[in-house]
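Notes follow once the structure below has been shown.
So this is what it looks like as structure tokens:
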């Protein structure tokens, strides 16, 4: 392969002395997207990518295969309020999800269709919160490349707007009061009240009454002393109590405040849980009578369920209802308390080595009553039950060969069955899924999920290895169109459950964050070495893929061990860990990564920061760095700076490319753009590992029937 001629990028002599470390940053000028030099350089990179993509012989075949394995229909459980079921549906050919309402007789009608609001497909349905009675629903739309998200309140019967918009409510939590005339929500302080360029969250909890101007919404919680806090809101069924969780970014601990709602506009809060004192996460829910059900990892890294008086501030007084299982981290739970039940129940979801289990418990004492039957050895997600009470629960289920399907568990009948009103359709190849264990360099055993063609293995195959390893997010054997297409073309898809994730509970997360983030990187490289050493693949057939913090993982792994990989794909990655706090929401992630403003923590960051470990003269693998032109999460500068550094440094002939996507955000985008990105990733990985779907007979089966 001939070496490419890359667009010229000026290398400045910017070097800073930070706590005794000399830190070079030759491409800092690329952070200024308004600079004409930056725009010209980015445009040249766009042309280079298009030229290289035009030479990939299998790009159209990959695109066709991705279209064939993409699933559609309903992919997450419904929200049931009173007699109505609210669910989001996205059929084949739809660019965005639409919000449907299903009545007690099964009648379906569209309540919100984003395509009627914005035919370009760039406006999506982000979230929806029906009132307790189901008569009204608060809806949030989002334009991916814009920072604001407004809330609009609709009449659930007619779809007419009854209130709003309420501005600046991006990533909000919302809790209705009984009666459907008011709710609490979270919104950002107006930009005019902040310093120019201030990207911190600056959120406040407000009470909104239907029909009142949003400017009159009373702030009930939050202040200037908590500029990076996220808030979660829960109101008791009788509307007499409010609980607020307060967390500084995606931290490993949170506070809980509880208030009596004698006056909803002026709740008097008691700090029931001090997150810094106990160093744990606590998720509260109100039980009938006002006591709290607490899901927590306090003194239980894999999670337990407790009960506490709502006025109790001493965690030693919590009563354990469902104890920790050190081998099966707790995912979530819901209360079933409908009048058709002999007694209230608790439905608990856990994951044992990545495979979900559901168990039924007595809510009074927590004793186990039954194992809930599941469709297979897969992944359960998003447990939901009806409000204000009910004996049914809904959940999503998928596995390597099954797209997400919605199931309903009936606790009276003791049966699990597919929800007829929420169908999914899709096709998938025959995939063999299994979990193996490998040893990291320090001897720790780590799980590796392997998805392979359903046939006898014959020699090494092109392999795509995925990882994340941050924020305690567990990897599971989910269905993925990207994985299905890769395996359908004859390749191996692998997922490494490295430290820093949540696969083994909070201890597993702690073992790979902050000063130990380098362990996650080492675990990932050890997974690659295992795949090679066991003959499943070779170095010339191995590509790696990560998204966001997973993009940080794979770029850090590749610059540390460039000899292991043929290709690297990083979507919206973090790369400059010295300045990541200055971009997007990076300032809220210091609990996970550390802060360059602290001497000891800067040393952690410099130990693995991908941008700072790019070394001239090294033969780097092929790189595809992808990102949105406007990325409000990680910031777009990571991609451009890393691309420039690698293009300057590499001594090899494998290409270093950047793929930018306009009119999308960090994660969400129209369906056609998502499929096009997946196809480009697969074509790039196939080009550099030797996997060609055009040379492979792909057998697809109907994984789920097509919705009517």
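Residue numbers (my numbering): 3 to 710.
Ideal Cβ placement from N, Cα and C applies to all residues, glycine included.
- [ ] Below 7 angstroms CB to CB, which residues in the same chain sit around residue 171 once its five sequence neighbours on both sides are set aside?
- [x] 142, 151, 152, 153, 187, 188, 189
TODO: Measuring alpha carbon to alpha carbon, tell me which of 521, 493, 488, 486 ends up nearest residue 502.
DONE: Considering only alpha carbons, the answer is 521.
- [ ] Whole angstroms is fine: what's the gap from residue 428's alpha carbon to residue 404's?
- [x] 8 angstroms
Open item on the list: Check whether the region 86-105 and the region 46-58 touch, using three or more Cβ-Cβ pairs below 8 angstroms as the test.
Closed with: No contact exists between the region 86-105 and the region 46-58.
Open item on the list: I'd like the ranges of any beta strand (DSSP E) spanning at least 3 consecutive residues and lying wholly in the region 617-662.
Closed with: 624-630
Task: Candidates 444, 442, 339, 450: closest to residue 1 by CA position - done: Residue 1 lies beyond the range of the chain shown here (3 to 710); nothing can be said about it.
Task: Rounded C-alpha distance that separates residue 496 from residue 123 - done: 32 angstroms
Task: Close Cβ partners of residue 464 (< 6 angstroms) along its chain, the five nearest in sequence each way excluded - done: 493, 543, 691, 692, 693
TODO: Look at the Cβ atom of residue 575, then the Cβ atom of residue 548, and state whether they are nearer than 8 angstroms.
DONE: Annotated as proximal: residue 575 and residue 548, with beta-carbon spacing under 8 angstroms.
- [ ] Specify, as a first and last residue, the run of the beta strand (DSSP E) that residue 506 falls within.
- [x] No beta strand (DSSP E) contains residue 506, which DSSP labels as neither H nor E.
Open item on the list: Between which residues of its own chain and residue 708 is the CB-CB distance below 7 angstroms, once the five residues before and five after are set aside?
Closed with: Low confidence applies here, because residue 708 scores a pLDDT of 49, under 50, leaving its location unreliable; read the following figure in that light. Around residue 708, the same chain offers 427 as residues with beta carbons nearer than 7 angstroms, after the five sequence neighbours per side are excluded.
- [ ] Compute the distance between the beta-carbons of residue 168 and residue 210, then report whether it is under 8 angstroms.
- [x] Yes, Cβ-Cβ distance for residue 168 and residue 210 is below 8 angstroms.
TODO: Consult DSSP for residue 442 and reduce its assignment to one of helix, strand or coil.
DONE: coil
Task: Whether residue 330 touches residue 359 by CB criterion (8 angstroms) - done: yes
TODO: Return the bridge partner residues of residue 400 from the DSSP annotation.
DONE: 381
TODO: Report the three-state DSSP secondary structure of residue 159 (helix, strand or coil).
DONE: In this structure, residue 159 counts as coil in the three-state DSSP scheme.
Open item on the list: For residue 301 and residue 238, what's the separation of their Cα atoms in angstroms?
Closed with: Answer to the nearest angstrom: the Cα atoms are 26 angstroms apart.
Task: Nearest-angstrom Cα separation, counted from residue 421 out to residue 320 - done: 37 angstroms
Task: Span separating the alpha-carbon of residue 2 from that of residue 525 - done: Absent from the model: residue 2. The displayed extent of the chain is 3 to 710, so no value can be given.
Task: Per-residue DSSP class, three states only, for residue 477 - done: coil
Task: residue 304 to residue 352 span [Cα, whole Å] - done: 9 angstroms
Open item on the list: Are the CB atoms of residue 76 and residue 424 within a distance shorter than 8 angstroms?
Closed with: yes
Open item on the list: Can you find the residues in the same chain that come closer than 7 angstroms, C-beta to C-beta, to residue 710, ignoring five residues on each side of it along the sequence?
Closed with: The pLDDT assigned to residue 710 is 41, lower than 50, so where the model puts this residue is not dependable; a value taken from the coordinates is nonetheless given after this. There are no such residues.
TODO: Return helix, strand or coil for residue 64, following the three-state DSSP convention.
DONE: helix
TODO: Go through its chain and collect everything with a Cβ distance to residue 648's Cβ below 7 angstroms, but skip five positions before and after it.
DONE: 616, 622, 625, 658
- [ ] Report yes or no: do the region 262-270 and the region 279-286 share at least 3 C-beta pairs separated by less than 8 angstroms?
- [x] Taking 8 angstroms as the limit for Cβ pairs, the verdict is that the region 279-286 does not touch the region 262-270.
- [ ] Using the Cα positions of residue 540 and residue 145, report the straight-line distance between them to the nearest angstrom.
- [x] 42 angstroms
Open item on the list: Tell me which residues share the same chain as residue 441 and place their Cβ nearer than 7 angstroms to its Cβ, disregarding the 5 neighbours each side in the sequence.
Closed with: Taken in chain order, the residues that qualify are 447.
Open item on the list: If you reduce the DSSP assignment to three classes, tell me which class residue 12 lands in.
Closed with: coil
Task: residue 12 burial status per 10 Å Cβ neighbour count (16 or more: buried) - done: exposed
Task: Beta bridge counterpart(s) of residue 448 as assigned by DSSP - done: According to DSSP, residue pairing for residue 448 in a beta bridge involves 440.
TODO: Would you kindly check if the distance between the Cβ of residue 39 and the Cβ of residue 16 is under 8 angstroms?
DONE: no
Task: Which of helix, strand or coil DSSP assigns to residue 686 - done: helix
Task: the region 511-518 / the region 528-540 touching (three or more Cβ pairs under 8 angstroms) - done: no
Open item on the list: Closer than 8 angstroms is the cut-off here; do at least three beta carbon pairs connect the region 310-329 with the region 378-389?
Closed with: no
Task: residue 604 (DSSP reduced to helix, strand or coil) - done: Three-state result, residue 604: helix.
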